[in-house]
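Asks: Here it is, the structure in full.
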Amino acid sequence: MALKATIYKAELQIADMDRNYYQTHLLTLARHPSETDERMMIRLLAFAIHASDSLTFTKGLFDTEEPDLWQKDLTGAIEIWIEVGQPDDKRLMKACGRSEKVVVYSYSATSHIWFKQIANKLERAKQLSVINIPADASEQLQKMANRNMQLQCTIQDGQIYLTDSESTVLVERENFKDER
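Position one of the sequence shown corresponds to residue 12 (my numbering), numbered consecutively onward.
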C-alpha cells in the first residue's frame, strides 16, 4: 500500500511592506512522504514571499508536470511558476516556455555547486530568478514545522522574518540569477 501525504495546517499572517500586502491565509499543505519538513517550510516561505489570492500549492511532488506553487490568471495562463529545490535545466527551460515568470528557491548546502553546473544553460531564460535560502535559515525554519502552525511573516526592505510562538527566523535571500 502506498504511503499517503501528511496534512499540515498553517495560519499565516503576512505583512509585506515591500509590496503593501497585508493578509491572513489559512493554508493546507500536503507533505509528500519523500518530502522533508525543511522542504515543506521552504514551500511555505515561497508562498509568503509571493502571496496573493490566486497563488496556490499544486500537486508538486505528486505530479512532475506541475511546480510546487503557481499563480494563474483568469484564463488559466500561468503567471508565476515556483519551484523548490534543485530542478534540472531542462525542467526550468520548459517552465520558462509555459509561464511569464519562473522562480526557484534552492536551500541546500550544495546549492552553489548545483547552480554553477547549470548557470550557462539558463542564460536564455530571461524570466527566471534563482534564489538561495541559506542553510542555517532553512534549518531553523524546519524546526517550526508542526501539524498546526500559527506563523507571522514580515517582509521589509528585502528582509524576511518568520515567527511562531517560540522563535523568529531571519531569512536573507541570496540571488543567484535575477530575471531581466
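Using N, Cα and C, we set each Cβ at its ideal position, and we do this for glycine too.
Expressed to the nearest angstrom, what Euclidean distance is found between the alpha-carbon atoms of Lys-15 and Pro-44?
Replies: The alpha-carbon atoms of Lys-15 and Pro-44 are separated by roughly 7 angstroms.
Asks: Check each candidate in Ser-117, Lys-112, Phe-187, Met-28 and name the one with the smallest Cα separation from Ser-149.
Replies: Looking at the Cα atoms, Ser-117 is the closest of the given residues.
Asks: Let me know if Ile-25 comes out buried or exposed under the rule of 16 or more other beta-carbons within 10 Å of its beta-carbon.
Replies: Answer is buried; the Cβ neighbour count reaches 16.
Asks: Just to check my reading of the structure: Leu-162 and Leu-40 have Cβ atoms closer than 8 angstroms, yes? What is that Cβ distance to the nearest angstrom?
Replies: Wrong, their Cβ atoms sit about 12 angstroms apart, outside the cutoff.
Asks: Compare the Cα-Cα distances from Glu-190 to each of Val-113, His-36, Lys-105 and report the closest residue.
Replies: That would be Val-113, whose Cα lies nearest to the Cα of Glu-190.
Asks: Taking the alpha-carbon of Lys-83 as reference, which of Thr-67, Glu-94, Pro-98, Gly-96 has the nearest alpha-carbon?
Replies: The shortest C-alpha separation from Lys-83 is found at Thr-67.
Asks: When DSSP labels each residue in this structure, what does Ile-144 get in the three-state scheme?
Replies: Looking at Ile-144 - three-state DSSP - the assignment turns out to be coil, as it is neither helix nor strand.
Asks: What are the partner residues of Leu-38, as DSSP defines its beta bridges?
Replies: In DSSP, Leu-38 forms a bridge with Ala-21.
Asks: Count Cβ pairs between the region 155–169 and the region 91–106 that sit closer than 8 angstroms; are there 3 or more?
Replies: Segments in contact, no.
Asks: Assess, as a yes-or-no matter, whether the region 80–94 is touched by the region 172–188 under the definition of 3 or more beta carbon pairs within less than 8 angstroms.
Replies: Taking 8 angstroms as the limit for Cβ pairs, the verdict is that the region 80–94 does not touch the region 172–188.
Asks: Touching or not, the region 152–160 and the region 45–52, by the rule of three or more beta carbon pairs under 8 angstroms?
Replies: At 8 angstroms Cβ cutoff, the stretches touch.
Asks: Apart from the five residues on each side of it in sequence, which residues of its chain come closer than 6 angstroms, Cβ to Cβ, to Leu-56?
Replies: Closer than 6 angstroms at Cβ, skipping near neighbours: no residue.
Asks: For Leu-133, which residues from the same chain have a beta carbon less than 8 angstroms from its beta carbon, with the 5 sequence-adjacent residues on both sides left out?
Replies: Excluding residues within five positions, the ones whose Cβ falls inside 8 angstroms are Asp-100, Leu-103, Met-104, Leu-139, Val-141, Lys-188.
Asks: Spatial neighbours of Ala-146 within its chain, please: CB distance less than 6 angstroms, with the 5 preceding and 5 following residues excluded, ordered by chain position.
Replies: Closer than 6 angstroms at Cβ, skipping near neighbours: Ala-120.
Asks: Can you name, in chain order, every residue of its own chain whose Cβ lies under 8 angstroms from the Cβ of Val-180, other than the five neighbours on each side?
Replies: Once the five neighbours on either side are set aside, the close Cβ partners of Val-180 are Ala-148, Gln-151, Leu-152, Met-155, Tyr-172, Leu-173, Thr-174.
Asks: So Arg-42 packs on Thr-17, CB below 8 angstroms; how close in whole Å?
Replies: Their Cβ separation, rounded to whole angstroms, is 5 angstroms, which keeps Arg-42 and Thr-17 in contact under 8 angstroms.
Asks: Tyr-19 and Arg-158 look like a contact to me (Cβ under 8 angstroms); what is the Cβ gap, rounded to whole Å?
Replies: About 6 angstroms; that satisfies the 8 angstroms criterion.
Asks: Restricting to Cα atoms, I'd like to know which of Asp-29, Cys-107, Ser-122, Glu-111 is closest to Gly-96.
Replies: Considering only alpha carbons, the answer is Ser-122.
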